[in-house]
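Scroll down for the structure; my scribbles are underneath it.
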Amino acid sequence: MRKVTTQVDGSPGEDPPPKKEGTRYGVTPASTLNTQHFLFQPDMSQAEASSGSPESLEENTPQATESTQSQHSYQLNPDAGLKPYQITLITVGGAVNSGLLIGLGDALSRSGPASILISYTFVGFIVFIVLSALGEVASFSREPTTLHSQAKQFCGPSLGFTLGWIYWLKYMMVIINQITAGIMVLSFWTKLGAGQEIAYITVFLCVIFSMNYWSGRFLGRYEVLISSFKIAIVLGLMILSIVIAFGGGPNHKKGFRYWRRPGAFANEEDRTALGVFRAIFRTFPATTLSYLGTELIGMAVLHTRDSRKAAARAIQQTFYRILAFNLVIVTLLGMAIPYDEDVLELSIYTSKRKAMAFVVAVQMAHVTVLPDILNGCILIFVVSSASRALCMATRIIRELSFEKNAPRFLRRANKRGVPVYALGVSFAPAFLGFLNLLSTSGRLWAYLVNLVTMFSILTWISILIVHISFGHFRKTHQIPPEDVPFKAPFGILGSWVALVLCISIPLMRAIELSDNNFYSKGLDVGAFVTSFLGIPLYFALVLGYKAVYRRRRRRARMKAPALPTRVRSLDTETDGAGLGRTTTREKALWRSRIIPVWLI
């Protein structure tokens, strides 16, 4: 049906330009200006600098896009040009992070082997639903998109703005967390003085920055090598743990002996059911951090040209491998190491010598050289994870700049195509790693894990809300199933269940922090603040954006001249397949019907 427009005086006007391809069901796809420019034309800021006008970014031709994409796509998408199996390696290797390598030992010492197995299964189920929801929404988009672009399309600009900045803040905390992890890994060999810590932190910062500034275009291939090395090391440790668990160790004991003595749950002070639950709740921060790498699946899917086909493959195959990795490792380490091994605990109040869970397992097997080699490998993995986090943070904040949710200067790049301003702003908070000088590394590590955990949960909640809104959007616009090739296994109901579970995790954390038996010195104020700081910050971003946006819209309305303008018809028009486009009023109606309490 051809759309007819009318002028204010009632006279017929000319037909508008034909509808742009890709605009479906009244929603502007992610393939418009924002996505195209910051994903696959990262050197457009050079065109801006040469023309002297930011608007000149929109004048680049598709031919120019193709030529620049192959040269400088590494700036915001280091996985560009990699084969699917290489992206899978990076994703699986990214799951072998400090949460699994370092936090697992501390969680084991605080909660016991059964607690961490239950916790990893519980959080793994949530993450599976979250990634399935992300994959379903991504499969609807015909072009690459981002998390905050999806939130803006289906929930409103305030949620898109908030999700983007929360995601950036999370990776900021990850960088500092990895630097702290590096200090803890080094403490295995020797006790570090203040001067040594300053020197090592400075070296870490220089290496992390250099990898992103000088070797950005090779970062994807470097990550393939590191991820392959990670997987090989972890597979070797799994084989060693199996040998130890089935009697190959020096004491030749088999089975789940450590589940019987000292026990499956570390709850000696409280043997009640509440004590068991609190032991499980104590593992949630470390468990959530262990699943941090799984979000690389979603980023890879959203930044893939053919995301409609990539979603199902990436979600179904890669996550199953990560889940198997985590559950198998957790089970085997619980069989190979007793949770009361003193060296496992990352002490909060002292600076005693620390060791990673894998290193302790190798030491208990009486292998003389391997612990030092393994500790060195973990140090390399930590630096690699920090470099990857800086790359992700740089990409995110530059995307926000192109979406006008961050300062304009962050989109600019130098002659080499490196987004130096976005990189510099993302790198600046890394200097907070020097806080290790003011506190023990174990204490700082715990606080950073709390922050990252809350930011991750808020990100998951936002993704689930986007999926729920997308489900209502499909019903409102009667979108046929073939337009959404990948379906979340549990549908909208699964997202509601996962949303409730995500909200319950902070409540569980509050119950755990109130355990006077475990926290003998009283309430840990630092742990409480860092565990819940993300919640008021999240709502402050939502409400702050709405306040500023409404003020700007009011000013623009006051300045707008009252001149006769051509208006669009509100009649329903047909989209090639015979589907109706909904009016602005109806779109506002379904948006308000879905989540009225979300203030969007």
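The sequence shown begins at 1 in the UniProt record's numbering and counts up by one. All C-beta atoms in this analysis are idealised placements derived from N, C-alpha and C, irrespective of residue type, glycine included.
- Within 10 angstroms of the beta-carbon of histidine 467 lie 16 or more other beta-carbons, which makes it buried.
- With contacts defined as CB atoms closer than 7 Å, alanine 498 and leucine 464 qualify as a contacting pair.
- For valine 207, the enclosing alpha helix (DSSP H) has its first and last residue at 194 to 213.
- For leucine 464, the enclosing alpha helix (DSSP H) starts and ends at 441 to 477.
- If you check the CB distance, isoleucine 337 and valine 362 do not come in under 7 Å.
- Around the beta carbon of cysteine 206, a 10 Å sphere encloses fewer than 16 other beta carbons of the protein chains shown; the residue is thus reported as exposed.
- Sixteen is the threshold: since fewer than 16 other Cβ atoms of the shown chains lie within 10 Å of the Cβ of isoleucine 511, the residue is exposed.
- Sequence-distant partners of tryptophan 259 (beyond 5 residues in either direction) whose C-beta falls short of 8 Å from its own C-beta, in its chain, are Pro113, Ala114, Gly334 and Met335.
- When C-alpha distances from phenylalanine 427 are compared across Gly99, Phe161, Trp165 and Ile175, the shortest belongs to Ile175.
- Under the 10 Å beta carbon count, tyrosine 519 is surrounded by fewer than 16 other beta carbons and is classified as exposed.
- Assignment of phenylalanine 140 by DSSP, reduced to helix, strand and coil, places it in the helix class.
- Cβ atoms of phenylalanine 284 and serine 119 come within 8 Å of each other, at about 6 Å.
- Inclusion of glycine 93 and alanine 357 in the CB contact set at 7 Å is not warranted, their separation being larger than that value.
- Between leucine 332 and valine 185, the gap from beta carbon to beta carbon reaches 7 Å or more.
- Between valine 542 and serine 158, the gap from beta carbon to beta carbon is short of 7 Å.
- Note on geometry: alpha-carbon atoms of serine 228 and glutamine 478 lie some 44 Å from one another.
- Contact between glycine 99 and alanine 286 is confirmed by a C-beta separation of about 6 Å, below the 8 Å threshold.
- Note on geometry: alpha-carbon atoms of serine 139 and alanine 133 lie some 10 Å from one another.
- The three-state secondary structure of lysine 191, taken from DSSP, is coil.
- Using a C-beta cut-off of 8 Å, the stretch 447 to 455 makes contact with the stretch 524 to 537, since at least three inter-stretch Cβ pairs fall below that distance.
- Non-local beta-carbon contacts of serine 441 in its own chain, meaning distances under 6 Å to residues more than five positions away in sequence, involve Thr180, Ile183 and Met184 in chain order.
- Residue pairing by DSSP places phenylalanine 246 opposite Lys254 in a beta bridge.
- Distances from the CA of histidine 366 to each of Ala264, Lys487, Val452 and Ile244 were compared; the closest alpha carbon is that of Ile244.
- DSSP places proline 371 in the helix class (H, G or I) of the three-state scheme.
- The beta-carbon distance between leucine 327 and threonine 121, rounded to whole angstroms, is 7 Å. This is short enough to meet the 8 Å contact definition.
- In the DSSP assignment, tyrosine 519 falls outside any alpha helix (DSSP H), carrying neither H nor E.
- The C-alpha of glycine 522 is placed about 27 Å away from the C-alpha of cysteine 502.
- For the set Arg110, Phe188 and Val276, the Cα lying nearest the Cα of aspartate 372 is the one of Phe188.
- Taking C-beta atoms under 8 Å as the contact rule, valine 330 and isoleucine 116 qualify, at a distance of about 5 Å.
- Close CB contacts of valine 127 within its chain, under the 7 Å cut and outside five residues either way in sequence, are with Tyr291 and Thr294 (chain order).
- Membership of lysine 152 in the alpha helix (DSSP H) is indicated by the continuous run 147 to 154.
- In this structure alanine 422 is not in contact with serine 456, their Cβ atoms being roughly 22 Å apart against a cut-off of 8 Å.
- Under the three-state reduction of DSSP output, glutamate 482 falls in the helix class.
- Remark: C-beta atoms of serine 385 and glutamine 178 approach each other more closely than 7 Å.
- Between tyrosine 167 and isoleucine 397, the C-beta gap is not smaller than 7 Å, which leaves the two residues out of contact.
- With a contact defined as Cβ atoms closer than 8 Å, tyrosine 339 and proline 262 qualify at about 6 Å.
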